[in-house]
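Trainee: The following block contains the structure, expressed as structure tokens.
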Amino acid sequence: QVQLVESGGGLVQPGGSLRLSCAASGNIFSINAMGWYRQAPGKKRELVAAVADDGRTNYADSAKGRFTISRANDKSALYLQMNSLTPEDTAVYFCAVDTYGLDDFWGQGTRVTVSS
450 QVQLVESGGG
460 LVQPGGSLRL
470 SCAASGNIFS
480 INAMGWYRQA
490 PGKKRELVAA
500 VADDGRTNYA
510 DSAKGRFTIS
520 RANDKSALYL
530 QMNSLTPEDT
540 AVYFCAVDTY
550 GLDDFWGQGT
560 RVTVSS
């Protein structure tokens, strides 16, 4: 089992920045890939950014050039630096991991609201 707790969400003005954090605990040695997803009101959950076991990253087109994903070396934490935020980035952001045992775990989410 892996437990994930997100933090860092909040209200920010357009053009502003936020840094999301996700603390992982439990059997973190089983973690393979880690990622951030988001779900906006009335929309499906979508991948924002992910980092593979070997450190390779991938981003949704909407995140490229504005967001940066990073993690602790021991996979005990995951971060998402978000810059140049727009109202379209308003969503609940979820941290998720998958394990070598092919399980996946999700956090409870942290809300990001971009509004003036």
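Quick note: to get the working numbering, add 449 to the position in the sequence shown (first position is 1). Where a beta carbon is used, it is the ideal one built from N, C-alpha and C, also for glycine. Model, not experiment: these values are computed from the prediction.
Starting from PHE516, follow its DSSP beta bridges and name the residues at the other end.
Mentor: As a first step, residue 516 must be located in the sequence shown, where it is residue number 67. DSSP, once it has assigned bridges, lists MET531 as partnering PHE516.
Trainee: Between the region 538-555 and the region 486-504, are three or more C-beta pairs nearer than 8 Å?
Mentor: Yes, the region 538-555 touches the region 486-504.
Trainee: When DSSP labels each residue in this structure, what does SER456 get in the three-state scheme?
Mentor: Your numbering for residue 456 matches position 7 in the sequence shown. It is a strand residue.
Trainee: What number of angstroms, rounded off, separates the C-alpha of GLN452 from the C-alpha of ASP510?
Mentor: Position 3 of the sequence shown holds residue 452. Position 61 of the sequence shown holds residue 510. One C-alpha to the other measures close to 28 Å.
Trainee: Considering only the alpha carbon of each residue, which of TRP555, THR506, GLY465 lies closest to THR535?
Mentor: Position 86 of the sequence shown, counted from the start, is the residue given in the question as residue 535. That would be GLY465, whose Cα lies nearest to the Cα of THR535.
Trainee: GLN488 bridges to which residues according to DSSP?
Mentor: Against the sequence shown, residue 488 aligns to sequence position 39. BP columns for GLN488 point to VAL541.
Trainee: Here's the rule I'm using: 16 or more other beta-carbon atoms within 10 Å means buried, otherwise exposed. How should ARG487 be labelled?
Mentor: By one-based count along the sequence shown, residue 487 stands at place 38. That one is buried.
Trainee: Might you give, ordered along the chain, the residues of its own chain that have their beta carbon closer than 7 Å to the beta carbon of GLN450, omitting 5 neighbours on each side?
Mentor: Residue numbering aside, residue 450 sits at position 1 when the sequence shown is read from its first letter. So the list reads GLY475, ASN476, once near-sequence residues are dropped.
Trainee: Check the C-beta distance from PHE478 over to ALA498 and give it rounded, since I have them as a contact under 8 Å.
Mentor: As a working note, residue 478 is residue 29 in the sequence shown. As a working note, residue 498 is residue 49 in the sequence shown. The Cβ separation is near 23 Å, so there is no contact.
Trainee: Where does SER479 sit, in a helix, a strand or coil, going by DSSP?
Mentor: Taking the sequence shown and counting its residues from 1, one reaches residue 479 at position 30. Residue state, collapsed to three classes: helix.
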